[in-house]
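J.: The structure that follows is given in the form of structure tokens.
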Amino acid sequence: MSDSAKSCFPAVVNPQTRLLILGSLPGDASLQAAQYYAHPRNQFWRLLGEVLGLDLPAMPYLQRLSAMQAQGVGLWDVVAEAQRRGSLDTAIRAASANDLTALCHGLPRLQAVAFNGATAAGIGRRQLAGLAGRLQLFNLPSSSPAHTMAYASKLAQWLPLREALHRP
0 MSDSAKSCFP AVVNPQTRLL ILGSLPGDAS LQAAQYYAHP RNQFWRLLGE VLGLDLPAMP
60 YLQRLSAMQA QGVGLWDVVA EAQRRGSLDT AIRAASANDL TALCHGLPRL QAVAFNGATA
120 AGIGRRQLAG LAGRLQLFNL PSSSPAHTMA YASKLAQWLP LREALHRP
């Protein structure tokens with residue numbers, strides 16, 4: 000894809016969402032497939048599957064979304080639209096942010112927000128600063144193949160999301 004304007008997908012949430020995972024902006028493979036985390040080397044579905052105890056990578060995309068939502072997990076991005084050549088977060092220019100505060104206020108059961116990568120955390124934490132006392136916030140290592148941390152190390156930092164999902 001070119002250096003044209005790129006937009007996020009709609010939020011995948013429902014009134015039962017307890018954990019919201021926020022990425023930065025879909026990469027080119029995801030935009031072309033019209034699916035969150037569609038790059039074959041992105042580890043998102045594998046990591047989230049381990050957190051939920053489900054084989055998400057083996058499921059068709061719509062079934063993954065349904066299974067994730069049934070467990071109280073929602074997805075969205077911190078960037079609504081931006082200019083970007085390629086898929087790297089470092090190439091994001093002229094970004095407009097999604098209204099995360101409004102989304103969070105509209106989710107009555109929301110207990111935690113997890114940021115998938117440093118860019119998502121930087122943008123998202125600024126927006127949600129006023130909700131930090133109400134919500135548990137997690138900075139996660141990016142599931143992107145560009146973030147070269149070993150899978151086991153990434154997983155160790157993603158697994159605490161289990162506890163956040165089961166808080167009373």
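For what it's worth, numbering that gives the first Met the number 0 labels the leading residue of the sequence shown as 0, then goes sequentially.
Heads up, the beta-carbon is just placed ideally off N, CA and C, and yes, glycines get one too.
Is the stretch 139-150 in contact with the stretch 111-124, if contact means three or more CB pairs nearer than 8 Å?
T.: Yes: at least three Cβ pairs fall under 8 Å.
J.: Where does SER65 land, buried or exposed, given buried means 16+ other C-beta within 10 angstroms?
T.: Classification of SER65: exposed, given that the 10 Å Cβ count is below 16.
J.: Quick one: what's got a C-beta closer than 6 Å to VAL72's C-beta in the same chain, skipping five residues either side?
T.: These residues qualify, in order along the chain: LEU18.
J.: Output needed for GLN70: all residues of its chain with C-beta closer than 8 Å, excluding positions within five of it in sequence on either side, in chain order.
T.: Excluding positions up to five away in sequence, the list reads LEU51, LEU53 and LEU164.
J.: Mind the definition here: the stretch 76-84 touches the stretch 104-111 only if three or more C-beta pairs lie below 8 Å; say whether that holds.
T.: Not touching, per the Cβ criterion.
J.: In angstroms, rounded to a whole number, what distance separates the CA positions of ARG84 and PRO25?
T.: Whole-angstrom Cα-Cα distance: 12 Å.
J.: So what does LYS5 bridge to, in DSSP terms?
T.: LYS5 pairs with ALA81.
J.: Which value, in whole angstroms, describes the spacing of the CA atoms of VAL11 and ALA149?
T.: Taking the straight line from one Cα to the other gives about 28 Å.
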